[in-house]
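>
Residue numbers (my numbering): 53 to 417.
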């Protein structure tokens, strides 16, 4: 009797194991340097996937690579495909070489690459395959809106902290500076300037006490608000603002108001929305790859949050809607590349400030 019982237990275990091995996940996301709870880029993308998958009864799973490397990213994609993934979402420029490889390796799998264009690592040979959709944002426009709002609110001592000087982060900062100067010009503040001493890159996207100390030092030196475009590292800057008096943070990627009372606004990208659009195309059988989309205010892809997250006292929603409309209709053309900043500032009467700022905005130039 005992032998029969043991045999039954073993058989049950085999059936359970086989059942687990048979589990498949149709939608997959591979995280980059952060995690799905970074309250920023990864989380915004993941929440869009979860919402769509659950509403459409699709299975889903995320995969975290063992390290930050092209090989580890490809290995994570391999795991996702082996587990049944029909769509693989990869958020971040770090996935460019991995997707370049995987889109050919798995021609029947759909790839959605956010903030990047596939290339083999040389930044010269770009190829978006027919099963891949590359999505870029005009972060310069959401940064512009945040910079404009900051100065119109009454702040004069501004700072910017980026994670690493990659294109998306550079565009956030570029736009923030441009928006601040545009507002200063409207207010007649002809001698105002954005101090380049308070424009810097942190060297990473993870929280760190060193980032908190740097932000605290800036606040002590007089900086009133810091736009931090650095993923999870923004939490460290918020912590510094929370411990100070009358100091604020401009968040990034998603509405970060819930993270800290110091977050006066956030330069948002519609991460979840664009992912859901791609997933809807997959479900409908209308997915089209082979292209790179560049989405901005005109496509409702970048914005500042309204409602309870609009925490300005002086700057109004009416003013916000007015400047947003100017960007949408092309009355205001926000610099997209650093090289365009000089002409933009010169037109406003601040051309002499451009060189020093460009050296900080685009340190590789």
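Glycine is no exception: its CB is placed at the ideal position from the N, C-alpha and C atoms.
So, does the stretch 203-214 touch the stretch 228-238, judging by three or more C-beta pairs under 8 Å?
Three or more Cβ pairs drawn from the stretch 203-214 and the stretch 228-238 lie within less than 8 Å of each other, which places the two stretches in contact.
> What are the boundary residues of the alpha helix (DSSP H) that residue 343 is part of?
Element bounds for residue 343: not the alpha helix (DSSP H) but the beta strand (DSSP E), 343-347.
> Beta carbon of residue 409, beta carbon of residue 221: below 8 Å?
Cβ atoms of residue 409 and residue 221: not closer than 8 Å.
> With 16 as the cutoff for other CB atoms within 10 Å, does residue 183 come out buried or exposed?
buried
> Please confirm if the stretch 158-165 is in contact with the stretch 278-289, defined as three or more CB-CB distances below 8 Å between the two stretches.
no
> Starting from residue 165, follow its DSSP beta bridges and name the residues at the other end.
According to DSSP, residue pairing for residue 165 in a beta bridge involves 142 and 186.
> Could you check whether the stretch 313-333 touches the stretch 99-108, counting it as contact only if at least three pairs of C-beta atoms, one from each stretch, sit closer than 8 Å?
yes
> Quick one, are the C-beta atoms of residue 224 and residue 273 less than 8 Å apart?
no
> Whole angstroms is fine: what's the gap from residue 242's alpha carbon to residue 231's?
15 Å
> Between 83, 305 and 397, which lies nearest to residue 244 when the distance is taken from Cα to Cα?
397
> Is it right to say residue 140 is buried, meaning 16 or more other beta carbons lie within 10 angstroms of its own, or is it exposed?
Its Cβ being crowded by 16 or more others within 10 Å, residue 140 is buried.
> Have a look at residue 171 and residue 79 and give me their C-alpha separation to the nearest angstrom.
23 Å
> Rank 385, 395 and 211 by C-alpha distance to the C-alpha of residue 412 and give the top, closest one.
211
> Count the C-beta pairs between the stretch 360-375 and the stretch 126-146 that are closer than 8 Å, then say yes if the count reaches three, no if not.
no
> Give me the Cα-Cα distance between residue 319 and residue 350, rounded to the nearest whole angstrom.
15 Å
> Measure the alpha-carbon distance for residue 180 versus residue 390 and round it to whole angstroms.
25 Å
> How is residue 333 classed by DSSP in three states: helix, strand or coil?
helix
> For residue 69, which residues in the same chain have their Cβ closer than 7 Å to its Cβ, ignoring the five residues on either side in sequence?
In this prediction, residue 69 scores a pLDDT of 40, lower than 50, which makes its location untrustworthy; no coordinate-derived value is stated.
> Taking the straight line between their C-alpha atoms, what separation do you get for residue 415 and residue 217?
8 Å
> For residue 96, collect the residues of the same chain with a Cβ closer than 7 Å to its Cβ; drop the 5 residues on either side in sequence, then sort them by chain order.
305, 306, 323 and 324
> Relative to the alpha-carbon of residue 239, which residue among 268, 248 and 208 has its alpha-carbon at the smallest distance?
Nearest option by C-alpha distance: 208.
> How long is the line joining the alpha carbons of residue 252 and residue 278, rounded to whole angstroms?
Looking at the backbone, the Cα of residue 252 and that of residue 278 are separated by about 11 Å.
> Go through its chain and collect everything with a Cβ distance to residue 56's Cβ below 7 Å, but skip five positions before and after it.
Note that residue 56 scores 43 on pLDDT, short of 50, meaning its location in the model is unreliable and no value can be drawn from it.
> Just to confirm, are residue 292 and residue 330 a CB contact at a threshold of 8 Å?
no
> Give the DSSP bridge partners of residue 279, in chain order.
212 and 302
> What separation, rounded to the nearest whole angstrom, lies between the Cα atoms of residue 353 and residue 401?
30 Å
> Out of curiosity, what's the CA-to-CA distance linking residue 196 and residue 300?
17 Å
> Mapping DSSP to helix, strand and coil, what is residue 252?
strand
> Kindly identify the DSSP beta-bridge partner or partners of residue 315.
301
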